[in-house]
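Notes to accompany the following structure.
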Amino acid sequence: MGNKRGNFFTITCIFIGMMLSTQMVNAQNLIKGKKIFETRCLVCHQADGGGVPNMNPPLDGSTAVNGKDIARMVKIIKNGLDERVAIDGMYYNNAMIAMPDLTAENIADVLSYIRNSWSNKAGLVSLAQVNGALVKNKSNKK
Amino acid sequence: MKKGLTLCCLALCINAVSGIAQDNAGLTLPAGFKANLFAENVGSARHIAITKSGVLFAKLNYPNKEGNSIVRLEDANQDGIAEKISGWGKYGGTGIYVKGNSLYASSNEAIFKYELNSKDEVVNPLSPVTIVSGLIDRRQHNSKSITFDKANNIYVNIGAYSNACQTKDRTPGSEGMKPCPILDSAGGIWKFDGSKANQTYKDGKRYATGLRNVVGLDWNTATNQLFVAQHGRDQLNTFFPNLYTDAQNAELPAETFYAINEGDNAGWPYVYYDPSQHKKMVAPEYGGDGKKEGSNEFKDPAVAFPAHMAPMGVLFYTGNQFPEKYKNGAFISFHGSWNRAPLPQEGFFVAFVPFKDGKATGEWEIFANGFAGVENGVKVTNTSKAKARPCGLAQGPDGSIYVSDDTKGSIFKISYLK
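Chains as they are written, first to last, in the numbering used here: chain A, 2 to 143; chain B, 246 to 663.
Put into structure tokens, the structure is as follows:
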């Protein structure tokens, strides 16, 4: 009986510990993501993620940013974007620069940050998701 | 008690001040001027033009919620507010101009001409004459702003579809192309015949070059000369972080206002204008380092404004309503910056440039401020939060001026009370 209780306690501890460490990793990722956002994204998309009308699209409230197509977001960050696309019914004229130097980890961090900043409340993006997207984008290219 | 009374007085004062501001549609103006909202929510109102009878036409960047991209506004009862509002047209664009009984409007690749009747109503809204078509539109800097000289020639801006003519636009490390091939068909002002239909590049003439993007331009009828305001290049710090800090990028390069003669070259993409050194500098894409001075073959500006503020409209004041100092001087509307981030943004006002003997004195002052809707002394941090962004300028028959906002579509009327 006592042993069982001990086991339960240990399992609970491990479980809480795992949760805490996941949260810590998340918090750290978001801090790293914020730093990347501030140095690479803020100038065009602005500190509030509101973008610039007609020029640079908003990230805050964007259906694409908050959506399920992570591969597309990864591709835009890695390769840039220079085509006429409607984003939530509006057109934006500036080309986005490619950022080939960002690692998969950097991209996961910055995507997690922008998907969980301002009014955005979408899921975090894992390293595995970004790696999967990079592979998918590469094979699409071929 | 005394403290309470002081607070009470302060509150009253603040109320009184904001009350006055409200009376001027939220704008701050020089003494003796007043402003009101001529119209609200007309759509993304870019340039505006006014007929001799006072009917105002606004060109919208996108069709509005009624599906119109040109809006006609008439203040029939003369109370300063438009009450007869109608519209037509499906194409977005910036340029609009009233010339006699003709109304010219531009899409991002063409210029169309409509006919006005004696009531300043458009006779042929669905069948305009195409004056010019086939002008380059590659999204970036695609506003085809227009103005006219006295001989019915059109001057149209064809903006460069690039930031600094790099081999790969806005890409770190990509070199500037030399010569810049964009200049053959864009990055300048082209001249066309305002009365001839179906023209394209081969019928026009490159009137001036080396202008990255001109949205605001006007013909100075007092001196018979074209004046243009250029949007200077962006992102010196983003692409050349070892040469320019964020703070330097926020102040470089100047937004420049030029007195243009035929054949002039303002130097884009090879040089930019440094407002603190009062010099043209070699662009870093062409071997510049922030210190190397550019060639003197390129034109100097008549006035240099702070960086990135985005001049959208130019209007030479020819009316008699405003005090004498404004006569034949130029108003310039500034849309407000984005590329000063992470530093606070600037602009969101209408400036006045005094002229003496047909020449800009080099000085300038803020004429109308407060469009962004932030308190006096507070800066806009995020461009999209600006309540209104000044764009088009036009002068009414009574000498009042009108300012359009392409965010929510307000049109402000500014008058002088004697």
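All C-beta atoms in this analysis are idealised placements derived from N, C-alpha and C, irrespective of residue type, glycine included.
Checklist entry - What residue range is occupied by the uninterrupted alpha helix (DSSP H) comprising residue 80 of chain A? => result DSSP places residue 80 of chain A in the uninterrupted alpha helix (DSSP H) bounded by 71 to 80.
Checklist entry - Using the beta-carbon count (16 or more within 10 Å), is residue 91 of chain A buried or exposed? => result Under this definition residue 91 of chain A is an exposed residue.
Next on the checklist: Against residue 387 of chain B, what residues of chain A qualify as contacts under a CB-to-CB distance less than 9 Å, listed in chain order?
Outcome noted: Going along chain A in sequence order, the residues near residue 387 of chain B (Cβ under 9 Å) are 94.
Checklist entry - With 16 as the cutoff for other CB atoms within 10 Å, does residue 301 of chain B come out buried or exposed? => result Answer is buried; the Cβ neighbour count reaches 16.
Next on the checklist: Given a cut-off of 9 Å on the beta-carbon distance, is the pair residue 60 of chain A and residue 66 of chain A in contact?
Outcome noted: Result yes, Cβ atoms of residue 60 of chain A and residue 66 of chain A sit closer than 9 Å.
Checklist entry - Does any CB atom of chain B fall closer than 9 Å to the CB of residue 34 of chain A? => result Cβ-Cβ to chain B under 9 Å: no for residue 34 of chain A.
Checklist entry - Where in the stretch 379 to 415 of chain B do unbroken runs of the beta strand (DSSP E), each at least 3 residues long, occur, reported from the N-terminal end onward? => result Counting whole runs of 3 or more residues, the stretch 379 to 415 of chain B contains the beta strand (DSSP E) stretches 391 to 393, 398 to 403.
Checklist entry - Can residue 357 of chain B and residue 662 of chain B be called in contact, C-beta distance under 9 Å? => result Not a contact, by the Cβ cut-off of 9 Å.
Checklist entry - Where does the unbroken alpha helix (DSSP H) through residue 319 of chain B begin, and where does it stop? => result For residue 319 of chain B, no alpha helix (DSSP H) segment is defined; the enclosing uninterrupted segment is the beta strand (DSSP E) at 315 to 319.
Next on the checklist: I need the DSSP call for residue 34 of chain A, collapsed to helix, strand or coil.
Outcome noted: The answer is helix: DSSP assigns residue 34 of chain A an H, G or I state.
Checklist entry - Which residues, in chain order, does the stretch 609 to 639 of chain B contribute to contact with chain A at a C-beta distance below 8 Å? => result Residues 626, 627, 628, 629, 630, 634.
Checklist entry - Which of helix, strand or coil does DSSP assign to residue 11 of chain A? => result In the structure shown, residue 11 of chain A sits in a helix (DSSP, three-state: H, G or I).
Next on the checklist: Helix, strand or coil for residue 65 of chain A? Go by DSSP, reduced to three states.
Outcome noted: Residue 65 of chain A carries a helical assignment under DSSP once its states are collapsed to helix, strand and coil.
Item to check | Same chain, Cβ closer than 7 Å to residue 634 of chain B, five either side skipped, listed in chain order | outcome: Answer for residue 634 of chain B: 580, 581, 593, 616, 650, 651, 652, listed in chain order.
Checklist entry - From B/304, B/409, B/499, B/501, pick the residue whose C-alpha is nearest to that of residue 290 of chain B; which is it? => result Looking at B/304, B/409, B/499, B/501, the one whose alpha-carbon comes closest to that of residue 290 of chain B is B/304.
Item to check | Within-9 Å CB hit, residue 73 of chain A to chain B | outcome: Taking Cβ atoms only, chain B never reaches closer than 9 Å to residue 73 of chain A, which makes this a no.
Checklist entry - DSSP on residue 556 of chain B, reduced to helix/strand/coil? => result In the three-state reduction of the DSSP assignment, residue 556 of chain B falls in the strand class, which pools E and B.
Checklist entry - Among all the DSSP beta bridges, which residues are the ones paired with residue 351 of chain B? => result Looking at the DSSP assignment, residue 351 of chain B forms a beta bridge with B/356.
Item to check | Entirely enclosed beta strand (DSSP E) segments - the stretch 511 to 541 of chain B, minimum 3 residues | outcome: Counting whole runs of 3 or more residues, the stretch 511 to 541 of chain B contains the beta strand (DSSP E) stretches 516 to 519, 524 to 527.
Item to check | Candidates B/513, B/573, B/429, B/437: closest to residue 458 of chain B by CA position | outcome: The shortest C-alpha separation from residue 458 of chain B is found at B/513.
Checklist entry - When Cβ atoms are compared, which residues of the stretch 43 to 59 of chain A fall closer than 8 Å to chain B? => result For the stretch 43 to 59 of chain A, which is checked against every Cβ of chain B, the residues closer than 8 Å are 43, 44, 45, 47, 48, 49, 51, 52, 53, 54, 55, 56, 57, 59.
Checklist entry - residue 545 of chain B touches chain A at which residues, Cβ-Cβ below 7 Å? => result What residue 545 of chain B touches in chain A: nothing, since even the nearest Cβ is about 28 Å away.
Next on the checklist: Using CA atoms only, rank isn't needed, just tell me which of B/659, B/465, B/475 is closest to residue 603 of chain B.
Outcome noted: It is B/465 whose Cα lies nearest to the Cα of residue 603 of chain B.
Next on the checklist: Taking contact to mean 3 or more Cβ pairs, one atom from each stretch, closer than 8 Å, check whether the stretch 362 to 382 of chain B and the stretch 417 to 426 of chain B are in contact.
Outcome noted: The stretch 362 to 382 of chain B vs the stretch 417 to 426 of chain B: no contact.
Next on the checklist: Please return the same chain residues whose Cβ sits closer than 6 Å to the Cβ of residue 260 of chain B, not counting the five positions on each side in sequence.
Outcome noted: For residue 260 of chain B, the predicted model reports a pLDDT of 40, less than 50, meaning its position is unreliable; a value from the coordinates is still stated below. Excluding positions up to five away in sequence, the list is empty.
Next on the checklist: Is there a C-beta anywhere in chain B that falls below 9 Å from the one on residue 83 of chain A?
Outcome noted: Yes, residue 83 of chain A counts as interfacial toward chain B.
Next on the checklist: Distance cutoff 9 Å, beta carbons only. Does residue 266 of chain B sit that close to anything in chain A?
Outcome noted: Only weak support is given to the placement of residue 266 of chain B: the predicted model assigns it a pLDDT of 43, under 50, and the value that follows is read from those uncertain coordinates. With 9 Å as the cut-off, residue 266 of chain B does not count as an interface residue toward chain A.
Checklist entry - Is the stretch 447 to 456 of chain B touching the stretch 521 to 530 of chain B, taking contact as three or more C-beta pairs under 8 Å? => result No: fewer than three Cβ pairs fall under 8 Å.
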